[in-house]
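So the protein lines, in turn, are chains A and B.
Residue 125 in the numbering used here sits at position 124 of the first sequence, and the numbers go up by one each step.
Residue 392 in the numbering used here sits at position 184 of the second sequence, and the numbers go up by one each step.
Right, one structure below, let's go through it.
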Amino acid sequence: MKKTVFAGFGGQGVLMMGYAFAMAVMNDGKHITYLPAYGAEMRGGTANCTVAVSDEEIFSPVASAPDYAVILSNPSLIKYESMINNGGTVFINSSLVTKEVSRDDIHIVKVPAGDMARKLRNERISNMIMLGAFVSGSQLTSMESILDALAEITKGKKATLMKSNKKGLDAGAEYVLQGV
Amino acid sequence: MIGEAAIRAGCRFYAGYPITPQNELTEYMARSMDNIEDGTFVQAESEIAAINMVIGASMAGARAMTSSSSPGISLKQEGISFLAAQELPAVIVNTMRGGPGLGNIAPSQGDYFQATRGGGHGDYRTIVLAPDSGQELADLTRTAFEYADKYRSPVLMLADGMMGQMMEPVVFPEPIDVSLLPHKPWTLGGAEGRPSRIILSLLLNPAKQEELNWKLERKYETITREIPKAEKYMTDDAHLAVIAYGTAARIAKGAVKRVREMGLKVGLFRPITLWPYPKNDLRDLSRHIRDFLVFEMNTGQMVEDVKLSLEGKSNVHFYGRPGGTISTPDEIAKMINTLYHRQNLEEE
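Pasting the structure below:
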């Protein structure tokens with residue numbers, strides 16, 4: 002079983018990342034649970050979600066020791082840094098997160114997703130850049146599955162939305178591949 | 209999940225008032241009822257209004273539902289008592305959160321007493337179903353509507369904030385054809401061409417009230433005979449069984465699996481009906497299991513039903529986490545391990 006936490010603040014698309022990932026692994030035929038947690042505010046409050054992926058029945062959807070964390074804000078890094086499993090990986094949007102990781106037993110993947118999004122002239126896709134980086138770095142699902150899931154989620158919305166989402170995903174995935 | 213399952217079970221009337229952590233259900237019903245012929249969704253002005261609208265819809269013959277979370281369910285209790293008195297079918301969903309008072313919006317099991325002991329005033333019982341997963345939310349919603357109609361009784365689905373928020377894959381049962389549901393000869397739908405009917409709960413003559421009370425009691429005896437249900441997991445060779453329901457049972461199952469890997473002979477008993485309590489199944493289990501560990505997300509409520517069922521013949525231990533905190537399977541596994549060795553169960 003692998004657990005992933007996506008964490009940031011409201012409005013960053015944190016829950017969307019987790020939801021798209023959950024849909025993708027569900028369509029891959031795995032057992033999954035998706036557990037969101039967020040404050041009452043529409044924007045600015047804390048937001049996080051946990052996705053558990055397993056070949057077997059999942060007993061607890063809560064992330065007590067996540068294997069992966071995708072972090073989009075300083076408070077989220079403080080909250081989850083100590084909880085990540087030994088040997089786990091943390092993906093950080095380094096355009097926003099200024100705090101350094103103090104542990105040396107976890108892998109750190111820094112992605113300047115905010116700057117990359119601005120370069121692509123669409124700041125709203127920084128969550129897709131992080132999702133692309135996470136998918137490519139974790140290999141828990143394929144890019145095809147993520148794209149299918151996103152197409153399903155955004156069905157009925159503007160086609161340009163899918164185009165910019167794909168642009169973001171590709172940029173994130175590529176960034177990680179180059180780094181390896 | 210409950211919303212879609214309810215519609216597929218023929219629910220055609222939903223009234224609710226928003227409260228976290230169950231707004232997803234109200235939102236789903238708002239969107240979906242609109243696309244259904246004869247479907248009605250009402251965002252009521254209060255929880256009390258919603259349950260009373262359900263009473264009306266049920267009198268008119270519809271499969272009706274309302275939902276809320278702990279503080280809102282308290283407000284609905286008067287209406288639930290009226291449903292019981294008037295023998296009206298209805299499904300009520302409680303997505304429990306931390307309490308008492310306004311509490312918080314995290315998953316809890318603090319409303320067990322309220323759910324299983326009636327909650328409202330008067331001499332009555334409510335059927336209580338306790339799902340432990342998305343799939344069971346869907347399956348038991350169907351069962352809830354069937355029991356409600358069959359026994360002409362309110363049925364309470366007792367879920368919690370974890371189930372209210374979590375998503376997981378579910379296979380929904382096929383939708384039923386509402387026109388094929390059995391005719392209800394007692395509904396109020398206009399008395400043209402027939403003698404009028406009255407559904408009421410005011411019985412000023414004590415003899416009449418007593419008659420109703422005994423009638424209800426006979427019904428509750430039938431229900432107690434017919435529907436108690438529980439899941440047994442790895443209990444056949446067990447020396448100790450954990451007893452838990454809902455989200456707590458799901459976490460406990462993970463713990464049982466873990467201690468089994470360590471060679472401990474431990475099983476899980478999971479009540480699916482909380483009223484009527486699956487007493488007989490539990491008593492059967494106590495023939496070969498002497499120690500039971502009750503785990504609840506409260507300070508100890510269902511443990512009383514366990515003790516009542518076992519009548520002092522077994523050792524009943526308790527571990528609880530109230531207030532909306534969620535235990536991990538590891539934490540429960542540790543509790544089991546400690547208890548197992550303290551009771552010298554490895555030597556049996």
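Think of the CB as a built atom: it goes at the ideal place given N, C-alpha and C, for glycine as much as any other residue.
Values in this document were obtained by computation on a predicted structure and should not be read as measured data.
- Per the DSSP secondary-structure output, A/THR5 pairs in a beta bridge with A/VAL52 and A/TYR69.
- Rounded to the nearest angstrom, the Cβ distance from B/TYR359 to B/ILE263 is 17 Å, too far for a contact under 8 Å.
- For B/HIS549, the secondary structure class from DSSP, reduced to helix, strand or coil, is helix.
- The residues VAL301, LEU337 and ALA352, in chain order, have a CB closer than 6 Å to that of B/MET365 in the same chain once the five nearest residues on each side in sequence are set aside.
- Boundaries of the alpha helix (DSSP H) around A/LEU16: 15 to 28.
- Within the model, the alpha-carbon separation for B/THR546 versus B/GLY520 is close to 22 Å.
- According to the DSSP assignment, B/SER276 belongs to the beta strand (DSSP E) that extends over 271 to 276.
- Sequence-distant partners of A/ASP29 (beyond 5 residues in either direction) whose C-beta falls short of 7 Å from its own C-beta, in its chain, are THR142 and SER146.
- B/THR324 sits buried, since 16 or more C-beta atoms from the chains shown fall within 10 Å of its C-beta.
- Residues are counted here when their Cβ sits less than 7 Å from a Cβ of chain B; for the segment 44 to 74 of chain A these are PHE60, SER61, PRO62, VAL63 and SER65, given in chain order.
- In the structure shown, B/ASP242 falls within a coil segment according to DSSP collapsed to helix, strand and coil.
- Close to B/ILE459, with beta-carbon spacing below 8 Å, are these residues of chain A in chain order: PHE60 and SER61.
- Taken through DSSP and simplified to helix, strand or coil, B/PRO479 comes out as strand.
- By DSSP's assignment, B/ASP499 forms a beta bridge with B/LEU448 and B/ASN523.
- For a Cβ distance threshold of 7 Å, residue set ALA23 and TYR35 of chain A lies close to B/MET375, ordered along the chain.
- In this structure A/VAL112 is in contact with A/ILE93, their Cβ atoms being roughly 7 Å apart against a cut-off of 8 Å.
- If only complete runs of 4 or more residues are kept, the segment 383 to 442 of chain B shows the alpha helix (DSSP H) at 414 to 434, in order along the chain.
- Contact between B/ALA258 and B/LEU345 fails: their C-beta atoms lie close to 20 Å from each other, not under 8 Å.
- Proximity to B/ALA314 across A/THR99, A/TYR176 and A/TYR39 peaks at A/TYR39, based on C-alpha coordinates.
- Straight through space, the alpha carbons of B/ILE244 and B/ASP340 are spaced by roughly 29 Å.
- Residue pairing of A/PHE92 in beta bridges, as defined by DSSP: A/VAL71 and A/VAL110.
- Scanning its chain for C-beta atoms nearer than 7 Å, with the 5 sequence neighbours on each side dropped, one finds around B/ILE215 the residues SER240 and ILE244, in chain order.
- Proximity of chain A to B/GLY462 at the Cβ level (cut-off 7 Å) is accounted for by PHE60 and SER61, in chain order.
- When the beta-carbon positions are compared, B/GLY218 and B/VAL386 come within less than 8 Å of each other.
- Rounded to the nearest angstrom, the Cβ distance from B/ALA460 to B/ILE540 is 6 Å, consistent with a contact under 8 Å.
- A direct Cα-to-Cα measurement between B/PRO403 and B/GLY287 gives close to 27 Å.
- The bridge partners DSSP lists for B/GLU504 are B/GLY528.
- Its chain contains ASP499, PHE500, LEU501, VAL502 and LEU547 as the residues whose beta carbon lies nearer than 8 Å to that of B/HIS525, once the 5 sequence neighbours on both sides are disregarded; these appear in chain order.
- Within chain B, the C-beta atoms nearer than 7 Å to that of A/MET27 come from PRO377, in chain order.
- Sequence-ordered contacts of the segment 383 to 396 of chain B with chain A are nonexistent [C-beta pairs closer than 8 Å].
- The alpha-carbon of A/ILE154 is positioned some 56 Å away from that of B/GLU419.
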